[in-house]
Amino acid sequence: LCYIDKEEDWKIGSVVDTHGDTKRITRDAVVRANEKGETFKRTTGIQRANILNAWANEIRENASTLATIMTLESGKPLHESLGEVSYGLSFLTYYSGSCLLPTGLHGGSVIPTPFTTPSGSPRGTLMTSNEPVGTCGLITPWNFPLAMITRKVGPMIAAGCTGVLKPSEHTPLTAIALRELGLRAGVSEGVFEVLPFGGRGSAAAFGEAVCKDDDVKKISFTGSTGVGRDLQRQAAEGGIVKRVSLELGGNAPFVVFGDADMDTAVDAAVKSKFRNAGQTCVCSDRFLVARGREEEFVERMKREVERLKVGDGMEEGTDMGPLITEQAAENVERKVRDCGSGEIVTGGKRIGGNFFEPTIMVGVGVEEEVWRDENFGPIVAIRSFDDEEEALDVIKMSRTGLASYFVTKDVGRIFRFGRELPNGLVGVNEGIMSSAQAPFGGVGESGIGREGSGEGIEEYMEKKYMMINH
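Remember, this note's numbering sits 1180 above the position in the sequence shown when you count from 1.
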């Protein structure tokens, strides 16, 4: 673990290399979670709501400390880390409310009976109930080291499940701090186990262990499409068929139509692209600008991008921090260097360590890697288009389908174009749209399942139907 600034790297800690013990350690944690689950599933909704609210309060009271830990681990600016603390605790408060619903998510429902007695009067009662799925295996990434945990653990606890979490080895301290605050709030040992180990192959070993463990009934993963495919296969090959939720990569398009308000377009584009140095799965990567508006959009974007202060996330006024590793910076540098068709308008270079200049490229061909693949870096790749049909054709070249964005004043186009987009999330005249109240997830190679909203808790529950004859 390194704290990165432009001048030097400071080591702030190290993760334990578990070598060949990863599967044994994981199994021990699963046993603890599974044993605790036998009693935790019988807790009342009020009890679980109180735990989640108490945990949210602990996070709120320790927001500054948590944000500092996140910035030291990941490099993101402190103001972004503080925003993530607020976003992360919103999942706990939201799902505390889900615990108290008298019908629907927890209480189930009564269905009007279709059955009759010989005399024709209604016969029997039909009921559904929602029950916890059981012990869960959770894997979270480094780019949102707090919110990606609460987005999974909030509904997990609300549903009455227990789980074992493997956080990213790049940001384990946030997970450890979050668990400590949970213990203070009444999240009992065994309900939420955290395994912050590292070492070569440790994440793969953890994934294989939970996927093939019959005591684990559900897998929830946020990360790359390649790893998600492996986990889905391993979960199917295990002793029991598991429920699997996968929030995978994206390659979000951002479309600026000819009637777009340019202030709105540029503001949304900057927010969508440069948050966390472009290292989010919903970051805009492919910018399509209506022919005739390209020059204005590029000039306005260039002006805003060159104002961004890149540097130490702990320094006041920093807009963008480093990329997470040197390898990540090298990958972004290579993509820009290898792009044969694009012209660099601004940026395009590393500026020491893991830092990379906010970059704008125009005239980028659809065959270029910087256009085809998720960049996870501060690159704006732009090309023009003539009409809605062409824009959709270009967008649908990608097999991913997480987020998309477009800017227009045309109400008819909002619904017409929005329906045609092959994405799970669509931002219209807006660059940031995630919320605990809304379902988050993609289609195609961007994953399966939803997090957040009422649909998020359903991922951790099994629905049971009972027909009672009386």
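Backbone N, C-alpha and C fix where the C-beta goes; we use that ideal spot for every residue, glycine too.
Per-residue DSSP class, three states only, for residue i
i, result
"E1570", "helix"
"V1424", "strand"
"R1563", "strand"
"E1349", "coil"
"F1556", "coil"
"N1214", "helix"
"D1410", "helix"
"L1361", "helix"
"E1417", "helix"
"S1309", "strand"
"S1584", "strand"
"L1318", "strand"
"G1501", "coil"
"E1177", "There is no way to answer for residue 1177, as the model of the chain reaches only from 1181 to 1650."
"G1304", "coil"
"G1458", "helix"
"T1297", "coil"
Rounded straight-line distance, which links the Cα of residue j to that of residue i
i, j, result
"L1258", "G1632", "25 Å"
"V1469", "Q1412", "37 Å"
"L1488", "G1581", "29 Å"
"G1501", "G1458", "10 Å"
"R1240", "G1340", "23 Å"
"S1254", "I1291", "50 Å"
"V1371", "F1220", "8 Å"
"G1284", "S1276", "For G1284, the predicted model reports a pLDDT of 49, less than 50, meaning its position is unreliable; a value from the coordinates is still stated below. The alpha-carbon atoms of G1284 and S1276 are separated by roughly 15 Å."
"V1591", "D1439", "11 Å"
"G1545", "F1467", "12 Å"
"F1434", "G1522", "17 Å"
"F1401", "E1513", "28 Å"
"N1534", "G1268", "26 Å"
"N1237", "L1358", "12 Å"
"M1613", "A1327", "14 Å"
"S1309", "I1575", "41 Å"
"T1248", "T1223", "35 Å"
"I1205", "A1416", "22 Å"
"R1295", "G1304", "Checking the sequence, you will find Phe at residue 1295 rather than Arg. If I take the Cα positions, the gap works out to 7 Å."
"E1639", "A1616", "15 Å"
"N1555", "K1453", "11 Å"
"E1642", "Y1585", "34 Å"
"K1186", "G1403", "Only weak support exists for where K1186 lies, its pLDDT of 47 falling under 50; the coordinates are left without a value."
"P1602", "R1480", "29 Å"
Run of the beta strand (DSSP E) containing residue i, from where it starts to where it stops
i, result
"F1535", "Per DSSP, F1535 belongs to no beta strand (DSSP E) and is neither H nor E."
"L1468", "S1464 to A1470"
"A1432", "A1432 to V1436"
"K1644", "M1641 to I1648"
"K1398", "V1396 to T1402"
"F1454", "Where F1454 is concerned, there is no enclosing beta strand (DSSP E), although the alpha helix (DSSP H) it sits in stretches over M1442 to F1454."
"G1607", "L1605 to V1608"
"N1271", "As written in the sequence, residue 1271 is Phe, which differs from the Asn given in the question. Here F1271 belongs to no beta strand (DSSP E); instead the alpha helix (DSSP H) covers L1258 to S1278."
"I1612", "Element bounds for I1612: n/a, residue is neither H nor E."
Where the alpha helix (DSSP H) through residue i begins and ends
i, result
"N1511", "E1506 to D1518"
"E1600", "V1591 to E1600"
"R1240", "G1225 to E1241"
"A1389", "S1382 to C1391"
"F1477", "E1474 to V1485"
"E1635", "S1633 to E1638"
"T1146", "Here the chain has residues from 1181 to 1650 only, and residue 1146 is not among them."
Presumed contact (8 Å Cβ cut-off) between residue i and residue j, rounded CB distance
i, j, result
"M1250", "S1261", "4 Å"
"V1390", "V1344", "7 Å"
"G1314", "L1280", "At roughly 22 Å, the Cβ-Cβ gap does not stay under 8 Å, so G1314 and L1280 are not in contact."
"T1273", "N1233", "7 Å"
"V1450", "E1484", "5 Å"
"I1531", "V1490", "7 Å"
"L1375", "M1647", "So it is not a contact: roughly 43 Å between Cβ atoms."
"A1209", "E1373", "4 Å"
"V1436", "V1608", "Incorrect: roughly 12 Å between the Cβ atoms, too far for contact."
"A1384", "K1203", "In fact, because the Cβ distance is near 11 Å, the residues do not count as touching under 8 Å."
**Request:** Kindly confirm or deny that the region 1533-1542 and the region 1551-1562 touch, where touching means at least three C-beta pairs closer than 8 Å.
**Result:** Short answer: they touch.
**Message:** Using a Cβ distance threshold of 8 Å, determine whether the region 1447-1465 contacts the region 1496-1512, with at least three qualifying pairs required.
**Reply:** The region 1496-1512 and the region 1447-1465 touch, with three or more beta-carbon pairs separated by less than 8 Å.
**Message:** I want to know whether the region 1547-1556 touches the region 1518-1529 - three or more CB-CB distances under 8 Å.
**Reply:** Touching, yes, given that three or more Cβ pairs across the two stretches are closer than 8 Å.
**Request:** Assess, as a yes-or-no matter, whether the region 1346-1359 is touched by the region 1210-1219 under the definition of 3 or more beta carbon pairs within less than 8 Å.
**Result:** Cβ pair count under 8 Å is below three, so no.
**Request:** Could you tell me whether the region 1306-1325 touches the region 1394-1408, where touching means 3 or more Cβ pairs closer than 8 Å?
**Result:** Segments in contact, yes.
**Message:** Tell me whether the region 1426-1433 and the region 1622-1630 touch, counting them as touching only if at least three CB pairs, one residue from each stretch, are closer than 8 Å.
**Reply:** Contact holds: three or more Cβ-Cβ distances are below 8 Å.
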